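Every number in our numbering is 1 more than the matching position in the sequence shown, counting from 1. Positions of the beta carbon are idealized from the N, C-alpha and C atoms, including for glycine. The structure presented is a predicted model; accordingly, all values stated were derived computationally and were not measured.
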Amino acid sequence: VIKIGQAEHAIETTCAYCGVGCSFKAEMRGNELVRMTPSKNGQANQGHSCVKGRFAWGYATHPDRITKPMIRKNITDPWTEVSWDEAINYAASEFKRIQAKYGRNSVGGITSSRCTNEETYLVQKLIRAAFGNNNVDTCARVCHSPTGYGLKQTLGESAGTQTFESVMKSDVVIVMGANPTDGHPVFASILKRRLRQGAKLIVIDPRRIDLIDTHHGRAQYHLPLRPGTNVAMLNALSHVIATEGLIAEEFVAERCDMVSFNKWREFVSQAENSPEALESITGVPAADVRAAARLYAEAGNGAIYYGLGVTEHSQGSTTVMGIANLAMATGNVGREGVGVNPLRGQNNVQGSCDMGSFPHEFPGYRHVSDLATRELFENAWGVPLQSEPGLRIPNMFEAALDGSFLGLYCEGEDIAQSDPNTQHVTAALSAMECIVVQDIFLNETAKFAHVFLPGSSFLEKDGTFTNAERRISRVRKVMPPLAGKADWEVTVELAKALGFEMHYKHPSEIMDEIARLTPTFSGVSYEKLEQLGSIQWPCNDEAPEGTPTMHIDEFVRGKGRFMLTRYQPTDERASKRFPLLLTTGRILSQYNVGAQTRRTDNTAWHPEDVIELHPVDAEERGISDGDWVGVASRAGETVLHARVSDRMQPGVVYTTFHFPESGANVITTDNSDWATNCPEYKVTAVELIKVSQP
Ligand code: SF4
2 VIKIGQAEHA IETTCAYCGV GCSFKAEMRG NELVRMTPSK NGQANQGHSC
52 VKGRFAWGYA THPDRITKPM IRKNITDPWT EVSWDEAINY AASEFKRIQA
102 KYGRNSVGGI TSSRCTNEET YLVQKLIRAA FGNNNVDTCA RVCHSPTGYG
152 LKQTLGESAG TQTFESVMKS DVVIVMGANP TDGHPVFASI LKRRLRQGAK
202 LIVIDPRRID LIDTHHGRAQ YHLPLRPGTN VAMLNALSHV IATEGLIAEE
252 FVAERCDMVS FNKWREFVSQ AENSPEALES ITGVPAADVR AAARLYAEAG
302 NGAIYYGLGV TEHSQGSTTV MGIANLAMAT GNVGREGVGV NPLRGQNNVQ
352 GSCDMGSFPH EFPGYRHVSD LATRELFENA WGVPLQSEPG LRIPNMFEAA
402 LDGSFLGLYC EGEDIAQSDP NTQHVTAALS AMECIVVQDI FLNETAKFAH
452 VFLPGSSFLE KDGTFTNAER RISRVRKVMP PLAGKADWEV TVELAKALGF
502 EMHYKHPSEI MDEIARLTPT FSGVSYEKLE QLGSIQWPCN DEAPEGTPTM
552 HIDEFVRGKG RFMLTRYQPT DERASKRFPL LLTTGRILSQ YNVGAQTRRT
602 DNTAWHPEDV IELHPVDAEE RGISDGDWVG VASRAGETVL HARVSDRMQP
652 GVVYTTFHFP ESGANVITTD NSDWATNCPE YKVTAVELIK VSQP
């Protein structure tokens with residue numbers, strides 16, 4: 002027992018907010034959490050933290066928590082509290098009824114990056130083994146699925162290449178489509194430390210983010226491109242590198258597939274990909290693009306960090322591949338200080354993808370059509386498994402509307418609020434016959450649910466999260482589950498009620514199974530996590546203590562592969578009726594749809610979503626700071642307070658999406674990434690009009 006202030010003991014665990022994965026000491030008095038202090042031993046944060054992890058944990062015991070299972074026959078009926086057995090048996094009987102009537106593929110599940118690795122592993126296991134199909138998806142679909150696709154195609158592994166601390170060896174850093182100061186604050190402080198030492202910064206973002214002005218001077222280059230033109234920008238940067246003799250020829254010859262490289266070089270060298278030719282598309286002066294390209298290519302160590310401003314586009318996967326091309330062409334992969342580094346949004350986005358929560362992949366990114374992998378899982382689980390990929394989240398919605406997908410198990414994900422084009426999503430949810438929501442709050446999705454299974458917060462369970470550095474860290478139970486069961490136990494019981502038994506006494510046994518079945522995790526165990534503090538995968542016989550830097554001697558796929566990245570304008574265009582382009586992002590004190598942070602004192606810092614617009618656009622419309630503004634798009638409309646700001650460029654407006662009443666996703670469109678269906682949250686044509694009140 003450690004005596005700390007008011008606390009009687011402290012338990013080390015991992016923050017449940019962003020993909021930095023900070024370690025904290027949960028200081029306890031009995032079963033009461035009294036304080037969260039950042040852990041100096043934390044290998045991702047080394048004693049640092051932000052206002053979310055440090056202060057926004059009160060939601061875990063908020064009066065809104067639902068702690069009793071509930072059912073209702075129709076979504077217009079009131080909820081009835083029932084026992085766990087009754088709720089789980091009712092859910093299972095409904096799923097069985099739907100499958101008997103509509104077929105094996107008529108049900109599926111969605112898991113969440115809020116959940117632990119062990120929980121997401123179990124959800125995909127339940128879907129594949131108990132439902133007998135591959136209709137499982139994760140909320141990574143709507144954020145970093147293009148990262149998974151793009152990095153696999155080029156580098157061979159669906160993960161970032163470096164540790165956060167690696168940036169301390171970078172000479173030039175590109176931050177593209179990310180706002181680390183708000184979204185990944187602890188990484189932002191490491192980056193700022195390096196910038197203070199003299200490293201150079203290039204920001205590629207439509208908005209003037211804080212980082213540009215806050216590191217003892219300014220970013221060397223801010224390339225404020227128009228939303229939707231990332232690929233054009235990367236092609237322009239690549240053009241400069243390819244045509245000005247800036248290719249790392251030796252690295253490319255030794256490490257990369259030359260056929261793909263030669264095609265890429267020929268493609269980006271074309272005059273149509275020059276910064277001058279693309280200036281009218283990106284809106285960025287060609288001279289700045291040329292200078293930024295030279296700065297990055299001539300850096301001793303050049304690193305790229307990117308976020309959802311890269312992935313959440315109709316060309317999200319193409320953009321990720323363009324980033325990987327740029328890093329390979331300049332030899333910036335395979336050592337400290339360089340690399341391709343997705344800043345993952347949620348705490349366990351990396352983990353939920355690693356755990357096989359996609360309809361086409363088993364854990365470890367192995368395709369369901371691969372016979373050897375399928376046999377491995379069939380032998381381990383004792384059931385036949387399907388070789389056809391299942392439905393992605395948007396396909397589930399479409400199938401619901403055409404009457405072929407009628408049952409959904411949704412754990413820890415509020416699709417009604419977080420997915421784009423709310424009207425389409427809610428119509429699909431309304432069409433289903435049984436929705437089972439497992440969550441800590443009655444969220445927006447639960448309004449369409451027939452069974453509510455109380456979830457457990459990160460404080461109430463054991464498990465692991467995997468951060469953006471591929472770092473697996475322990476989540477430790479600091480208090481008993483408020484509803485009596487941890488999420489993993491609920492999934493096990495639901496599987497049993499469906500006729501598929503799983504036998505685990507503790508999440509460590511789930512991790513042991515993951516390790517047995519997943520080569521990149523084969524050396525991971527709770528015991529080793531206790532010894533080492535955390536482990537960056539791959540962790541196996543070749544790397545028994547994990548892998549901080551990937552692709553050192555060769556790429557995971559062997560030779561690095563260049564992919565052609567032809568710019569394709571998004572279907573979402575500004576028009577006379579909708580002349581402005583809306584993009585979205587997050588703010589420091591709030592988190593995603595705000596289910597957690599809105600139920601904490603952090604709301605005092607940021608009590609509402611607002612729409613930011615440039616003074617020129619404001620003046621044209623007679624809008625002043627603080628006015629109510631109607632925001633209309635082709636999909637819908639909402640009302641927000643205006644914030645007039647020169648952070649924005651004329652013609653581009655910006656909002657956050659933390660409050661359900663703001664309805665940011667009422668106005669976003671159905672457009673999505675061509676490869677992964679990741680929604681295009683970052684480009685919506687809108688018009689603003691001053692209104693007297695909402
Ligand atoms: Fe939590 Fe991310 Fe803040 Fe760290 S930086 S405390 S992981 S929200």
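Looking only at DSSP bridge pairs, what is residue i linked to?
i	result
Asn135	Asn135 pairs with nothing; no bridge assigned.
Cys257	Gly561
Val124	BP columns for Val124 are empty, so no partner.
Tyr222	Ile203
Ala328	According to DSSP, which records beta bridges pairwise, Ala328 is partnered with nothing at all.
Asp610	In the DSSP output, where bridge partners are listed per residue, Asp610 has none listed.
Cys19	Gln347
Lys26	Glu13, Thr38
Ile553	Ile553 pairs with nothing; no bridge assigned.
Leu377	DSSP output for Leu377 lists no bridge partner at all.
Lys691	Val630
Val717	The shown model of the chain, from 2 to 695, leaves out residue 717, and the question about it has no answer.
Leu392	Paired residues: none, contrary to the question.
Gly110	Val137, Tyr410
Val667	According to DSSP, Val667 bridges with nothing at all.
Let me make sure I understand the geometry here. Which of the options has the alpha-carbon closest to that of residue i?
i	options	result
Pro276	Phe262, Ile473, Ala294	Ala294
Ala1	Ala27, Arg587, Ala11	Since the first residue shown for the chain is 2 and the last is 695, residue 1 is missing from the structure and cannot be characterised.
Val1	Lys74, Thr656, Ser431	With the chain represented from 2 up to 695, any question about residue 1 goes unanswered, as that position is not in the structure.
Asp172	Tyr122, Gln47, Asn302	Asn302
Leu407	Ala544, Ser107, His504	Ser107
Thr164	Ile624, Ile536, Asn134, Phe132	Ile536
Leu34	Glu621, Asp674, Val684, Phe459	Phe459
Ala288	Val241, His314, Cys23, Arg472	Val241
Pro509	Leu614, Glu494, Phe522, Glu528	Inspection of the sequence shows that residue 509 is occupied by Ser rather than by Pro. That would be Glu528, whose Cα lies nearest to the Cα of Ser509.
Val341	Ala243, Ala469, Cys435, Gly404	Ala469
Arg477	Ala278, Ser457, Glu376	Ser457
Leu344	Arg472, Gly284, Lys448	Arg472
Arg562	Ala498, Arg30, Gly323	Gly323
Thr312	Cys411, Asn134, Lys683, Asp671	Lys683
Ala233	Ser576, Arg567, Asn603, Thr585	Arg567
Asn422	Gly637, Ile394, Leu156, Tyr410	Gly637
Leu430	Phe449, Glu412, Glu389	Phe449
Glu502	Val384, Gly31, Val640, Arg635	Val384
Pro390	Ile72, Asn134, Leu614	Asn134
Leu196	Leu402, Val83, Glu166, Gly500	Glu166
Report buried or exposed for residue i, applying the criterion of at least 16 other Cβ atoms within 10 angstroms of its Cβ.
i	result
Leu372	exposed
Gly346	buried
His608	In the sequence as presented, His is not what sits at residue 608; that position holds Pro. Counting Cβ neighbours within 10 Å, Pro608 comes out exposed, since fewer than 16 surround it.
Lys4	Confidence at Lys4 is low in this model, with a pLDDT of 47, below 50, so the placement of that residue is unreliable and no value is reported for it.
Gln439	buried
Thr77	exposed
Gln100	buried
Trp606	exposed
Ile1	The structure shown has nothing for residue 1, since the chain only spans 2 to 695.
Ile210	buried
Asn32	exposed
Asn75	exposed
His451	buried
Gly500	exposed
Problem - Three-pair Cβ contact test at 8 angstroms for the region 180–197 versus the region 18–29 - result: yes
Problem - Closer than 5 angstroms to the ligand SF4: residues, by C-beta to nearest heavy atom, in chain order - result: Cys16, Tyr18, Cys19, Val21, Cys23, Ser50, Cys51, Lys53, Gly54, Pro186, Val187
Practice task
Would you check if there are 3 or more beta carbon pairs closer than 8 angstroms linking the region 642–652 to the region 189–205?
Solution key: no
Exercise for the section: Report yes or no: do three or more beta-carbon pairs, one from the region 410–427 and one from the region 439–456, lie closer than 8 angstroms? Expected result: yes
Practice task
Specify whether the region 660–680 and the region 453–469 touch according to this definition: at least 3 beta carbon pairs, one from each stretch, less than 8 angstroms apart.
Solution key: no
Handout entry: Three CB pairs or more closer than 8 angstroms across the region 328–337 and the region 249–259
Key = yes
Handout entry: Cβ contact check for the region 140–151 and the region 258–266: 3 or more pairs under 8 angstroms
Key = no
Practice task
Taking 8 angstroms as the threshold, find out whether the region 552–561 comes into contact with the region 613–631 through three or more Cβ pairs.
Solution key: no
Handout entry: Touching by the beta-carbon criterion (3+ pairs, under 8 angstroms), the region 113–125 and the region 483–491
Key = yes
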